[in-house]
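Each remark here refers to the structure printed beneath this line.
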Amino acid sequence: MVWIPNHAKDDPKRGLDPVLSMEKGKKILNKENETVDYASLQEKLEQAIAQRIPNRASYGVAFSGGLDSGLLAHLLLKHNPAMPLVVVGFPESKDVERATLLSEKWGAQLVTRTLNEKEFEKHHRLAGKLLQTEDPLQRTLGAVNLSIAQWASENRINTLFLGSGADELFCGYGAFDAMREDPKGCEKLRKEKVENVNTHDVQREVLCARHYGIRLESPYLDEAFMKEAMKTPAIQNLQGKYGKLRKGILRTLAEKMGAPKEIIEEPKKAMQYGSGAIKALKSSHIEDVLDL
């Protein structure tokens, strides 16, 4: 049976449909409030997660050991300590290394797939066909998405939780470094990133997961959570205790929610680098990939 995503239509109980309703998402970009209500952010995130936990299906987290997936894993393990963490990467990749250390700290089940170049090149070509693109970055990210979905399917995991949307909402990309002295420019760039998350990430993730019959859940793209996150001043993600690492508000939220220090203080590392995919593709002479 072909998987029909939960995102197929808007459901007021589940929040914003990231695939079909980003136009609606544009209407919630309100940044006038100059304070951060961490209690409300926590409440909205916990609700977004609870609403997405399937009643019967097996579920896990696509886990890199970084901040976004790490906070989700920290919260989801409270609901289900037996929930698996799913990681893929090439030998000695940072994602596998971090995921291994954190799973041991939590005493959590980790399902690890060590990739090889032949297998990854196959997924790289398949991503181009599924996404109908020659864009090297999208094909590389798609290949990682396909590898994760395949590994989840082989481990009888039906639903994967993703950290999609966190980089957009909390200014995680390197481009935000140029906005550290420009609050208005930072707000504008965040707005653009949030409005484009569908075409930049979500559509690719859904298409790749669908290929292996996997359902996706993205709590950071919940409508209520997005509304609350967009009330916060974007520039505060680049200031204060965690400002140098970017995503300062999300890091502070994770700290308040009791997440491990290793997650909170982990610098952002793009998926194509953390998984080791770039190194593998360079050895295969596919080098035209940029960290955007």
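According to the numbering used here, the stretch in the sequence shown is residues 772 to 1063, in order.
Backbone N, C-alpha and C define an ideal beta-carbon position, used for all residues, glycine too.
Distance check for residue j and residue i, CA to CA, integer angstroms please.
i: Y1013; j: S935; result: 20 Å
i: R815; j: L1024; result: For the record, residue 815 in the displayed sequence is Lys; it is not Arg. K815 and L1024: Cα-Cα distance of roughly 12 Å.
i: R823; j: D938; result: 20 Å
i: L987; j: A833; result: 10 Å
i: F996; j: Q813; result: 9 Å
i: T871; j: A879; result: 10 Å
i: D993; j: A819; result: 6 Å
i: G945; j: V858; result: 24 Å
i: W877; j: K1015; result: 27 Å
i: K962; j: D906; result: 24 Å
i: E1036; j: A1030; result: 10 Å
i: C942; j: I985; result: 28 Å
i: M1001; j: C957; result: 12 Å
i: S811; j: G1011; result: 20 Å
i: L978; j: H971; result: 13 Å
i: K1027; j: E817; result: 13 Å
i: L897; j: K889; result: 13 Å
i: P1070; j: V968; result: Absent from the structure is residue 1070, since the part of the chain shown begins at 772 and ends at 1063.
i: K964; j: K893; result: 30 Å
In the structure shown, what three-state DSSP assignment does residue i receive?
i: L931; result: strand
i: P825; result: coil
i: S811; result: helix
i: P1004; result: coil
i: L846; result: helix
i: Y830; result: strand
i: E988; result: strand
i: T1023; result: helix
i: T880; result: Looking at the sequence shown, residue 880 is not Thr but Gln. The answer is strand: DSSP assigns Q880 an E or B state.
i: G1011; result: coil
i: P855; result: strand
i: G860; result: strand
i: T871; result: helix
i: D993; result: coil
i: T885; result: strand
i: L806; result: Sequence inspection shows Thr at residue 806; the Leu mentioned does not correspond to that position. Looking at T806 - three-state DSSP - the assignment turns out to be coil, as it is neither helix nor strand.
i: D906; result: coil
i: S835; result: coil
i: A980; result: helix
i: F941; result: coil
i: R1017; result: coil
i: D972; result: helix
Out of the options, point me to the one whose CA is closest to residue i's CA.
i: M854; options: A923, K955, A1000; result: A923
i: K955; options: E817, L843, T1003, G913; result: T1003
i: Y809; options: E999, A1030, P1031; result: E999
i: P1038; options: K1018, P1031, M1028; result: K1018
i: A714; options: K962, L848, L912; result: An answer regarding residue 714 cannot be provided, because it is not within the stretch 772 to 1063 covered by the chain.
i: K1032; options: S829, T806, S811, H845; result: H845
i: N929; options: K889, C957, K876, L856; result: L856
i: D953; options: L1009, V807, A920; result: L1009
i: D866; options: E892, V882, Y991; result: V882
i: R827; options: M1028, K964, R927, E963; result: R927
i: P990; options: V973, C942, E890; result: V973
Thinking C-beta only, is residue j closer than 8 Å to residue i?
i: L838; j: R1022; result: yes
i: Y1070; j: F932; result: Coverage of the chain is limited to positions 772 through 1063, which leaves residue 1070 absent and any answer about it impossible.
i: L901; j: H982; result: yes
i: G841; j: I1034; result: yes
i: M950; j: L940; result: no
i: H895; j: T885; result: no
Compute the beta-carbon to beta-carbon distance between residue i and residue j, rounded to the nearest angstrom, for a pair I have assumed lies under 8 Å.
i: R869; j: G836; result: 3 Å
i: I1020; j: V807; result: 6 Å
i: A920; j: A980; result: 5 Å
i: N916; j: E976; result: 5 Å
i: S918; j: F891; result: 7 Å
Are the C-beta atoms of residue i and some chain D residue less than 8 Å apart?
i: K964; result: This model lacks chain D altogether; it includes just one protein chain.
Can you tell me whether residue i sits near the ligand HEM, meaning its C-beta is under 7 Å from at least one heavy atom of the ligand?
i: E966; result: Of ligands this structure carries none, so the ligand HEM is not represented either.
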